[in-house]
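Notes to accompany the following structure.
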Amino acid sequence: MAIPAEFLEELRARSTMAEVAGKRVRLTRKGRDLVGLCPFHKEKSPSFTVFDDHYHCFGCGAHGTAIDFTMEVDHLGFREAVERLAADVGLAVPVDAVDRGQARQRHHLHVVLEAATKYYERMLRMPEGAEALSYLQARGVSDDHIQHFRLGYAPPSAEGLRAALSRDGLSEEVMVEAGLLVTPEGGDRRPYNRFRRRVMFPIHDREGRPVAFGGRILGAGEPKYLNSPETPVFRKGHLLYGLHHALRPAREQGTVVVVEGYMDVVALHAAGFRNAVAPLGTALSVEQIGELWRLVPEPILLFDPDEAGQSAAERAAERSLPILRPGLGLRFAFLHTDTLDDPQGVHQRYAPQFLREALTRALSLSDMIYRMEVGGRPLRSPEDRAALEERVRRRTAAISDAALRRHFLSDFRERLWSAMRKARPARASIGEKLSSVRQERFAARGSSPAKFDRATEVAAANDAVTELERRREAILLAVLIAHPDSIDQIGERLGSLPFQDQDLDRLRQEALHALASVPNLDSAHLEDHLRKQGLGTALDSHIGPELFNHAFFARTGVALETAIEGWEETYSLYLRQHLRSELEDLAAGVVDRMSERSFEYFRELKRQEQSTTYGEAGAKPR
Numbered sequence: 257m258a259i260p261a262e263f264l265e266e267l268r269a270r271s272t273m274a275e276v277a278g279k280r281v282r283l284t285r286k287g288r289d290l291v292g293l294c295p296f297h298k299e300k301s302p303s304f305t306v307f308d309d310h311y312h313c314f315g316c317g318a319h320g321t322a323i324d325f326t327m328e329v330d331h332l333g334f335r336e337a338v339e340r341l342a343a344d345v346g347l348a349v350p351v352d353a354v355d356r357g358q359a360r361q362r363h364h365l366h367v368v369l370e371a372a373t374k375y376y377e378r379m380l381r382m383p384e385g386a387e388a389l390s391y392l393q394a395r396g397v398s399d400d401h402i403q404h405f406r407l408g409y410a411p412p413s414a415e416g417l418r419a420a421l422s423r424d425g426l427s428e429e430v431m432v433e434a435g436l437l438v439t440p441e442g443g444d445r446r447p448y449n450r451f452r453r454r455v456m457f458p459i460h461d462r463e464g465r466p467v468a469f470g471g472r473i474l475g476a477g478e479p480k481y482l483n484s485p486e487t488p489v490f491r492k493g494h495l496l497y498g499l500h501h502a503l504r505p506a507r508e509q510g511t512v513v514v515v516e517g518y519m520d521v522v523a524l525h526a527a528g529f530r531n532a533v534a535p536l537g538t539a540l541s542v543e544q545i546g547e548l549w550r551l552v553p554e555p556i557l558l559f560d561p562d563e564a565g566q567s568a569a570e571r572a573a574e575r576s577l578p579i580l581r582p583g584l585g586l587r588f589a590f591l592h593t594d595t596l597d598d599p600q601g602v603h604q605r606y607a608p609q610f611l612r613e614a615l616t617r618a619l620s621l622s623d624m625i626y627r628m629e630v631g632g633r634p635l636r637s638p639e640d641r642a643a644l645e646e647r648v649r650r651r652t653a654a655i656s657d658a659a660l661r662r663h664f665l666s667d668f669r670e671r672l673w674s675a676m677r678k679a680r681p682a683r684a685s686i687g688e689k690l691s692s693v694r695q696e697r698f699a700a701r702g703s704s705p706a707k708f709d710r711a712t713e714v715a716a717a718n719d720a721v722t723e724l725e726r727r728r729e730a731i732l733l734a735v736l737i738a739h740p741d742s743i744d745q746i747g748e749r750l751g752s753l754p755f756q757d758q759d760l761d762r763l764r765q766e767a768l769h770a771l772a773s774v775p776n777l778d779s780a781h782l783e784d785h786l787r788k789q790g791l792g793t794a795l796d797s798h799i800g801p802e803l804f805n806h807a808f809f810a811r812t813g814v815a816l817e818t819a820i821e822g823w824e825e826t827y828s829l830y831l832r833q834h835l836r837s838e839l840e841d842l843a844a845g846v847v848d849r850m851s852e853r854s855f856e857y858f859r860e861l862k863r864q865e866q867s868t869t870y871g872e873a874g875a876k877p878r
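End of the sequence shown = 878 in our numbering, gap-free, step of one.
And the structure:
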């Protein structure tokens with residue numbers, strides 16, 4: 257039966273977050289909270305923070321309650337974690353007769369599946385298993401890895417497993433229930449072995465208990481791979497092959513690598529990558545993605561570089577969006593094309609140098625989505641760019657978390673802005689723009705430009721504009737830091753602006769990331785987090801009393817409504833100035849002639865400047 261909500265509430269009340277985490281992490285008080293070194297990733301400075309009812313790591317994004325913490329640290333399921341916490345505080349988890357019966361059933365299944373695993377292991381070392389052993393050895397699987405993964409062999413006999421387990425006193429009925437035997441239709445024949453003439457890969461749960469099998473046919477025959485049916489202890493879409501081996505290495509390294517199949521996992525282990533897992537012969541499911549996120553915040557999915565691998569990557573990206581949460585993500589890596597048709601087998605394809613190169617080049621989820629939507633399509637015209645924006649908008653609509661959806665859209669808008677600038681004449685300095693246009697004009701006249709240098713004048717103008725931009729960027733960011741609650745009104749637009757100052761841009765990105773990761777983060781904690789990330793100098797040099805002389809509304813303590821109003825005005829001025837400066841750069845030297853390319857660029861900027869002036873970006877009409 258389900259655990260009653262009332263019991264869970266009482267358990268949470270008795271199991272304080274500080275007590276539960278304090279058994280595994282040395283915590284020290286910092287202000288109102290407790291901090292320590294994160295148990296989920298390696299770090300030198302403490303970023304693991306314990307609040308009254310939850311924990312959050314500002315380093316790796318781990319987040320949850322006392323139950324979540326117990327599940328993650330001890331690699332337990334929900335019920336097992338509840339039972340452990342309950343025992344610690346002297347509570348008994350409610351059970352009924354149905355629960356006790358199900359527990360007995362699962363125990364019998366585990367016993368028979370363990371016995372079957374040992375039987376298949378023995379058969380691999382028998383003379384009749386020689387072909388299977390040769391198959392594994394030819395693919396570079398050592399004896400150590402055969403034992404580590406408990407690989408085995410199912411002989412051709414339809415009776416062997418059943419007879420062997422029956423001699424050990426195990427019930428034929430339980431063998432059928434465990435998926436080891438198949439009952440013929442009609443009922444006039446005895447059940448026979450499901451797996452015959454196959455190399456056997458035991459599938460384990462998180463605790464390392466065999467719960468099912470995958471069998472690879474030797475020689476001709478279909479299906480090539482055969483899996484156990486679902487049983488009370490095996491749900492195909494919820495488990496990952498090799499997970500029990502990968503738990504500790506993944507925690508230590510802070511990542512897990514997801515490959516296609518059983519042999520791929522064995523090959524990665526042989527190459528030194530012990531944090532490898534695989535789905536069970538199907539595309540990665542929502543439940544399996546959730547299982548990966550219980551282990552690390554950003555798993556790496558490794559695919560072949562062919563069309564099938566690309567399609568599998570796109571399916572995984574699409575499937576992850578509805579369940580995406582702050583602090584969680586996926587990365588997508590593709591093997592080098594030289595490994596695709598390697599005649600030396602799967603182990604050569606996963607040579608360490610190829611793997612390291614592929615994993616280093618892994619794409620983020622936003623990279624992957626953007627690549628899916630661009631797909632080699634041109635971005636030359638406004639229609640092209642509008643179509644891309646619409647595709648991205650539809651794609652990100654699948655993200656249920658509003659903050660994440662906002663940040664994804666901001667990221668894509670920045671990418672689109674960059675693509676537009678590449679597709680248009682480069683905006684370097686004002687002097688370079690004027691020089692280019694003047695050269696164009698004088699070439700048409702058949703003469704040379706004037707022989708005087710305006711570099712000093714142009715540089716002074718640049719410095720003035722840069723200082724004004726920098727101040728406005730600082731004001732826009734200061735409002736967010738002073739009023740984190742403003743994120744819903746200003747976050748998306750703030751994230752999409754083309755900040756010119758690198759320090760302010762780093763502050764902005766880290767602040768937006770922190771607010772997306774931790775709900776209800778106040779100004780003091782946000783500022784403290786920014787300083788922990790090494791941004792204290794940038795914070796002090798850009799956001800302080802001098803800035804507040806220009807923008808009183810950016811201070812803490814000012815009413816949120818007043819701060820938002822001031823932010824909107826500054827945003828409007830910043831955006832208009834940014835567009836206007838490009839227009840002036842382009843138009844200032846154009847007297848006699850404008851090229852078609854320059855003219856198209858000019859028209860596009862003018863349209864944006866006018867739309868901003870009349871309210872599309874929140875500006876007031878003037």
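Yeah, the Cβ is synthetic: ideal placement off N, Cα and C, and Gly gets one too.
{"query": "Alpha carbon to alpha carbon, how far is Arg-787 from Glu-825?", "result": "28 Å"}
{"query": "Spell out a yes or no on whether the segment 726-737 and the segment 813-829 are touching, meaning 3 or more CB-CB pairs, one atom from each, closer than 8 Å.", "result": "yes"}
{"query": "What would DSSP say about Thr-272, mapped onto helix, strand or coil?", "result": "coil"}
{"query": "Please classify Glu-275: is it buried, with 16 or more other beta-carbons within 10 angstroms of its beta-carbon, or exposed?", "result": "exposed"}
{"query": "For my contact list, Val-432 and Thr-439 are in at a C-beta cut-off of 8 Å; report their separation, rounded to the angstrom.", "result": "6 Å"}
{"query": "Tell me the residue span of the alpha helix (DSSP H) that contains Asn-805.", "result": "801-806"}
{"query": "Could you tell me the distance, in whole angstroms, from the CA atom of Leu-724 to the CA atom of Val-514?", "result": "48 Å"}
{"query": "Kindly indicate which three-state DSSP category Gly-435 falls into: helix, strand or coil?", "result": "coil"}
{"query": "Would you tell me roughly how many angstroms separate the C-alpha atoms of Ser-685 and Thr-722, rounded to the nearest one?", "result": "In this prediction, Ser-685 has a pLDDT of 37, which is less than 50 and means its spatial position is unreliable; what the coordinates show is noted afterwards. C-alpha separation (whole angstroms): 11 Å."}
{"query": "Beta-carbon separation of Leu-417 and Asn-449 under 7 Å?", "result": "yes"}
{"query": "Threshold first: 3 residues or longer. Then list the beta strand (DSSP E) segments lying entirely within the segment 284-349, N to C.", "result": "284-286, 289-292, 304-306, 311-313"}
{"query": "Give me whichever residues DSSP pairs with Pro-383 in a beta bridge.", "result": "Paired residues: none, contrary to the question."}
{"query": "Compare the beta carbon distance of Gly-320 and Ser-773 with 7 Å and say whether it is the shorter of the two.", "result": "no"}
{"query": "If you reduce the DSSP assignment to three classes, tell me which class Tyr-497 lands in.", "result": "strand"}
{"query": "In whole angstroms, what is the alpha-carbon distance linking Glu-486 and Ser-541?", "result": "15 Å"}
{"query": "Provide the residue span of the alpha helix (DSSP H) that contains Val-774, from first to last.", "result": "It is not in any alpha helix (DSSP H) - Val-774 carries neither H nor E in the DSSP assignment."}
{"query": "Buried or exposed for Val-522, going by 16 or more other Cβ atoms inside 10 Å?", "result": "buried"}
{"query": "Hey, could you find the ends of the beta strand (DSSP E) Pro-479 is sitting in?", "result": "Note, Pro-479: premise wrong, no beta strand (DSSP E); not H, not E."}
{"query": "Kindly indicate the opening and closing residues of the alpha helix (DSSP H) around Ile-746.", "result": "743-752"}
{"query": "Would you report the Cα separation of Ile-556 and Phe-804, rounded to the nearest angstrom?", "result": "44 Å"}
{"query": "Which residues bound the alpha helix (DSSP H) around Arg-472?", "result": "Taken as a continuous stretch (DSSP letters only), Arg-472 belongs to no alpha helix (DSSP H), being part of the beta strand (DSSP E) at 466-473."}
{"query": "What are the partner residues of Asn-531, as DSSP defines its beta bridges?", "result": "For Asn-531, which the question treats as bridged, DSSP gives no partner whatsoever."}
{"query": "Taking the Cβ atom as the reference point for each residue, do Arg-671 and Tyr-626 lie within a distance shorter than 7 Å?", "result": "yes"}
{"query": "Which one or two residues does DSSP pair with Gly-408 in a beta bridge?", "result": "Met-456"}
{"query": "Which of the three DSSP states, helix, strand or coil, is assigned to Leu-557?", "result": "strand"}
{"query": "Just checking my contact of Ser-271 with Leu-365 at CB under 8 Å: how many whole Å lie between their CB atoms?", "result": "About 31 Å; that fails the 8 Å criterion."}
{"query": "Helix, strand or coil: which one does DSSP assign to Arg-280?", "result": "coil"}
{"query": "Quick check on Thr-818: buried or exposed, where buried means 16 or more other Cβ atoms within 10 Å of its Cβ?", "result": "exposed"}
{"query": "Is the beta carbon of Ser-752 sitting closer than 7 Å to the one on Ser-666?", "result": "yes"}
{"query": "Please return the same chain residues whose Cβ sits closer than 8 Å to the Cβ of Pro-302, not counting the five positions on each side in sequence.", "result": "Thr-284, Val-291, Gly-292, Leu-293, Cys-294"}
{"query": "Count the other CB atoms, across all protein chains shown, that sit within 10 Å of the CB of Phe-334; report buried if there are 16 or more and exposed otherwise.", "result": "exposed"}
{"query": "Name, in chain order, the residues that DSSP records as bridge partners for Leu-619.", "result": "Phe-588"}
{"query": "Measure from the alpha carbon of Leu-619 to the alpha carbon of each residue in Ala-569, Tyr-497, Ala-642, then state which is nearest.", "result": "Ala-569"}
{"query": "Can Leu-733 and Leu-760 be called in contact, C-beta distance under 7 Å?", "result": "yes"}
{"query": "Which residue from Glu-563, Glu-441, Pro-578 puts its Cα closest to that of Ile-545?", "result": "Pro-578"}
{"query": "On the CB-based measure, 16 or more other CB atoms within 10 Å of its CB, does His-363 come out buried or exposed?", "result": "exposed"}
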